[in-house]
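**Q** Heads up: the protein sequence lines correspond to chains C and R, in order. Just so you know, the first sequence maps onto residues 1 to 194 in the UniProt record's numbering. Just so you know, the second sequence maps onto residues 1 to 194 in the UniProt record's numbering.
There are 2 protein chains.
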Amino acid sequence: MSVIDDLASEFTRLPGIGRKTAYRLTHYLLKIPPEEACRLARAIEAMAERVRRCSICNNLSESDPCEFCTNPTRDRTVICVVEEASDIAAIDGSGGYRGLYHVLGGCLSPLDGIGPEELNVDSLLARLNGEVREVIIATNPSVEGEATATYLHRAIGSRGVQVTRLARGLPVGGDLEYADGVTIAQALSGRRGM
Amino acid sequence: MSVIDDLASEFTRLPGIGRKTAYRLTHYLLKIPPEEACRLARAIEAMAERVRRCSICNNLSESDPCEFCTNPTRDRTVICVVEEASDIAAIDGSGGYRGLYHVLGGCLSPLDGIGPEELNVDSLLARLNGEVREVIIATNPSVEGEATATYLHRAIGSRGVQVTRLARGLPVGGDLEYADGVTIAQALSGRRGM
């Protein structure tokens, strides 16, 4: 197998990249100067070498504790629980949140053999130590995400911490005509006074 | 900028990969063991280091001359002219061709400043040395590809070599109802006796 096929087969292991796209990427890297192609290689190595899990919140970061856990300007009374570290960028980028985070590392999925022991639930409960007043559960609005949220609500239940969930409803910029029935039902039941 | 953002921005430089896909790929590489992520990095480096242009046909290969030019079982009386080295895999994979290749390195495109001098035309003409009896022009069936084919036909014209062009017509497995008018017109004008 040539080094070209070798690289293409490495690319096909990435999510959403099939055989044709893999060869397109490979041939693009062949077209640009070798030193530019090597920049991508070095970026992958630097990341694989330097990024690790934060021992407090399980976020991916170059420092341990991560930049959120050590930032003195963040509101330490509220923790936002997400499934994956990649969700933090989406929530923090919205500009609507200035508290801390906790990464579960997935969601409950009995069919895939993922129970509460496989998720970072114990480390979350260990953080609910008096200073924290609210836990915002920001798991995905999927069946598994809902089940995980319900499980966390019960697990936290008796610790005197308020547990909230992200609002469900119509996405901003969306069109009522094209919204699915479940979303409209959620938007109706969650309606607010103006 | 963190190493994570750094890698994501390297990914966005690849064709067809936007910001969201770049972060999805980055987070996938963070999830798998570091040594597996490094395998992709090493495959890129190996390719950038070892692949070069064949001095005869301009194909990308680890050896110079490339494996087609040195293969004694290939038919040396016919040369198939393609725009890019990536087209060779598609043609050779079809199993319908056992001759040699020549990579132009693009197609004529005056708007992008690509004229005959920017393509490997001179090296093609230098190969038409008596042994070669046919040149198959396999440029893309686009306006630029057609213009390039016409130019090559004229450039080769007086050398006593037969110049042919890949057939245009209905793609196998396609549906007449969904074929565009130009393709149907080409299929009609190129119709063959049964």
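Glycine is no exception: its CB is placed at the ideal position from the N, C-alpha and C atoms.
#1: With distances taken from CA atoms, which of R:R192, R:Y151, R:R24, R:Q186 is nearest residue 224 (chain R)?
#2: Have a look at the DSSP bridge pairing and note the partners of R127 (chain R).
#3: For A46 (chain C), which residues in chain R fall below 8 Å Cβ to Cβ?
#4: Within 8 Å (strictly less), CB to CB, does Y28 (chain C) reach chain R?
#5: Tell me the DSSP secondary structure of E134 (chain R) in three-state form.
#6: Taking a contact to mean a Cβ-Cβ separation below 8 Å, would you say A155 (chain R) touches T139 (chain R) in this structure?
#7: Taking the alpha helix (DSSP H) that C38 (chain C) falls in, what are its first and last residues?
#8: Verify whether the separation of the beta carbon atoms of L128 (chain R) and V161 (chain R) is less than 8 Å.
#9: In whole angstroms, give me the CA-to-CA distance for residue 241 (chain C) and G193 (chain C).
#10: Closest by CA to E144 (chain R), which one among R:V132, R:G130, R:V82?
#11: Taking 8 Å as the CB-CB cut-off, is C38 (chain C) touching chain R?
#12: First and last residue of the alpha helix (DSSP H) that includes A87 (chain C)?
#13: Taking only the alpha-carbon atoms, compute the straight-line gap between G106 (chain R) and N58 (chain C) and give it to the nearest angstrom.
#14: So which residues on chain R does V51 (chain C) lean against when the C-beta distance must stay under 7 Å?
#15: Jot down the residue ranges of each uninterrupted alpha helix (DSSP H) in the stretch 109 to 192 of chain C, minimum 4 residues, whole runs only, in chain order.
#16: Give me the residue from R:A46, R:S9, R:G99 with the minimum Cα distance to N71 (chain R).
#17: With a threshold of 8 Å between beta carbons, is T148 (chain C) in contact with chain R?
#18: Which chain C residues are close to S109 (chain R), counting only those with a beta carbon under 8 Å from its beta carbon?
#19: According to DSSP, H102 (chain R) sits in a beta bridge with which residue or residues?
#20: Between which residues of its own chain and G115 (chain R) is the CB-CB distance below 8 Å, once the five residues before and five after are set aside?
#21: Could you tell me whether the Cβ of G93 (chain C) comes closer than 8 Å to any Cβ of chain R?
#22: If you measure from the beta carbon of G16 (chain C) to each beta carbon in chain R, is any gap under 8 Å?
#23: Find out if the Cβ-Cβ distance for the pair D64 (chain C), C54 (chain C) is shorter than 8 Å.
#24: Measure the CB-CB distance between V51 (chain R) and I32 (chain C) and report whether it falls below 8 Å.
#25: Contact defined as beta carbons within less than 8 Å: I believe R24 (chain R) pairs with P15 (chain C). What is the distance between those atoms, to the nearest angstrom?
#26: Under 7 Å between beta-carbons, which chain R residues line up against Y101 (chain C)? List them in chain order, please.
#27: Check each candidate in C:L170, C:I88, C:G113, C:E117 and name the one with the smallest Cα separation from I136 (chain C).
#28: What is the rounded straight-line gap between the Cα of R159 (chain C) and the Cα of L124 (chain C)?
#29: If you run the structure through DSSP and keep just helix, strand and coil, what is S9 (chain R)?
#30: Can you pull the chain R neighbours of Y23 (chain C), defined as C-beta to C-beta under 9 Å?
#31: Does DSSP put L25 (chain C) in a helix, in a strand, or in coil?
#32: Quick one, which of C:N120, C:L30, C:G18, C:L166 has its alpha-carbon nearest I44 (chain R)'s?
#33: What does L170 (chain C) reach in chain R if we use C-beta pairs closer than 8 Å?
#34: What does L104 (chain C) touch in chain R if you count any residue whose Cβ is under 7 Å from its own?
#35: Secondary structure at R74 (chain C), three-state DSSP: helix, strand or coil?
#36: Hey, does L119 (chain R) have any beta-carbon neighbour from chain C nearer than 8 Å?
**A** Quick look at the numbers:
#1: The structure shown does not extend to residue 224 (chain R), since chain R spans only 1 to 194, so no value can be given for it.
#2: Numbered from its first residue, the second sequence carries residue 127 (chain R) at position 127. According to DSSP, which records beta bridges pairwise, R127 (chain R) is partnered with nothing at all.
#3: As a working note, residue 46 (chain C) is residue 46 in the first sequence. Per Cβ cutoff of 8 Å: V3, D6, L7.
#4: Position 28 of the first sequence, counted from the start, is the residue given in the question as residue 28 (chain C). So yes, Y28 (chain C) belongs to the interface.
#5: The residue you call residue 134 (chain R) lines up with position 134 of the second sequence. In the structure shown, E134 (chain R) sits in a strand (DSSP, three-state: E or B).
#6: If you number the second sequence from 1, residue 155 (chain R) lands on position 155. If you number the second sequence from 1, residue 139 (chain R) lands on position 139. Cβ atoms of A155 (chain R) and T139 (chain R): not closer than 8 Å.
#7: On the first sequence, position 38 is the one that residue 38 (chain C) refers to. In the DSSP annotation of this structure, the continuous segment of the alpha helix (DSSP H) that includes C38 (chain C) starts and ends at 34 to 50.
#8: In the second sequence, counting from the first residue as 1, residue 128 (chain R) sits at position 128. In the second sequence, counting from the first residue as 1, residue 161 (chain R) sits at position 161. Yes, these two residues count as a Cβ contact at 8 Å.
#9: Residue 241 (chain C) is absent from the structure shown; chain C starts at 1 and stops at 194.
#10: Position 144 of the second sequence, counting from 1, holds the residue named residue 144 (chain R). When only C-alpha atoms are compared, the closest one is R:V82.
#11: Along the first sequence, one-based indexing puts residue 38 (chain C) at 38. So yes, C38 (chain C) belongs to the interface.
#12: On the first sequence, position 87 is the one that residue 87 (chain C) refers to. The question names Ala, but residue 87 (chain C) is Asp in the sequence shown. From DSSP, the alpha helix (DSSP H) with D87 (chain C) extends over 85 to 93.
#13: Translated into the one-based positions of the second sequence, residue 106 (chain R) becomes position 106. Translated into the one-based positions of the first sequence, residue 58 (chain C) becomes position 58. Taking the straight line from one Cα to the other gives about 48 Å.
#14: Numbered from its first residue, the first sequence carries residue 51 (chain C) at position 51. Those within 7 Å of V51 (chain C) in chain R are V3, I4, L30.
#15: 122 to 127, 143 to 156, 181 to 189
#16: Walking along the second sequence from the start, residue 71 (chain R) turns up at place 71. Per the Cα distances, R:G99.
#17: If you number the first sequence from 1, residue 148 (chain C) lands on position 148. For T148 (chain C), the answer is no, since every Cβ of chain R falls outside 8 Å of its Cβ.
#18: Taking the second sequence and counting its residues from 1, the one referred to as residue 109 (chain R) is at position 109. Correct list: empty, because the minimum Cβ distance to chain C is about 16 Å.
#19: Stepping through the second sequence from its first residue, residue 102 (chain R) is reached at position 102. According to DSSP, H102 (chain R) bridges with R:V81.
#20: Here the question's residue 115 (chain R) lines up with position 115 in the second sequence. Same-chain partners within the cutoff: L108.
#21: Along the first sequence, read from residue 1 onward, the residue named residue 93 (chain C) stands at position 93. Taking Cβ atoms only, chain R never reaches closer than 8 Å to G93 (chain C), which makes this a no.
#22: Stepping through the first sequence from its first residue, residue 16 (chain C) is reached at position 16. Yes, G16 (chain C) counts as interfacial toward chain R.
#23: Indexing the first sequence from 1 puts residue 64 (chain C) at position 64. Indexing the first sequence from 1 puts residue 54 (chain C) at position 54. It is a contact, given that the beta carbons lie within the stated cut-off.
#24: For the purposes of this step, residue 51 (chain R) is taken as residue 51 along the second sequence, with counting starting at 1. For the purposes of this step, residue 32 (chain C) is taken as residue 32 along the first sequence, with counting starting at 1. Result no, Cβ atoms of V51 (chain R) and I32 (chain C) do not sit closer than 8 Å.
#25: Position 24 of the second sequence holds residue 24 (chain R). Position 15 of the first sequence holds residue 15 (chain C). Indeed, because the Cβ distance is near 6 Å, the residues count as touching under 8 Å.
#26: Residue numbering aside, residue 101 (chain C) sits at position 101 when the first sequence is read from its first letter. Ordered by position in chain R, no residue passes the 7 Å Cβ test against Y101 (chain C), which lies about 15 Å from the chain.
#27: Mapped onto the first sequence, residue 136 (chain C) falls at position 136. When each option's Cα is compared against that of I136 (chain C), the closest is C:I88.
#28: In the first sequence, counting from the first residue as 1, residue 159 (chain C) sits at position 159. In the first sequence, counting from the first residue as 1, residue 124 (chain C) sits at position 124. Going by the C-alpha atoms only, they are around 12 Å apart.
#29: Against the second sequence, residue 9 (chain R) aligns to sequence position 9. Correct three-state label for S9 (chain R): helix.
#30: To locate residue 23 (chain C), count along the first sequence from 1; it is residue 23. Within chain R, the residues near Y23 (chain C) are S86, A89.
#31: The count along the first sequence starts at 1 and reaches residue 25 (chain C) at position 25. In the three-state DSSP reduction, L25 (chain C) falls in the helix class (H, G or I).
#32: As a position in the second sequence, residue 44 (chain R) is number 44, starting the count at 1. Between I44 (chain R) and the set C:N120, C:L30, C:G18, C:L166, the nearest pair of CA atoms involves C:L30.
#33: The residue labelled residue 170 (chain C) in the question sits at position 170 within the first sequence. Simply none; closest approach about 22 Å.
#34: Within the first sequence, numbered from 1, the residue matching residue 104 (chain C) stands at position 104. Neighbours of L104 (chain C) on chain R: none; closest Cβ ~14 Å, over 7 Å.
#35: Within the first sequence, numbered from 1, the residue matching residue 74 (chain C) stands at position 74. DSSP places R74 (chain C) in coil when its eight states are reduced to three.
#36: Position 119 of the second sequence holds residue 119 (chain R). Output row for L119 (chain R): interface = no.
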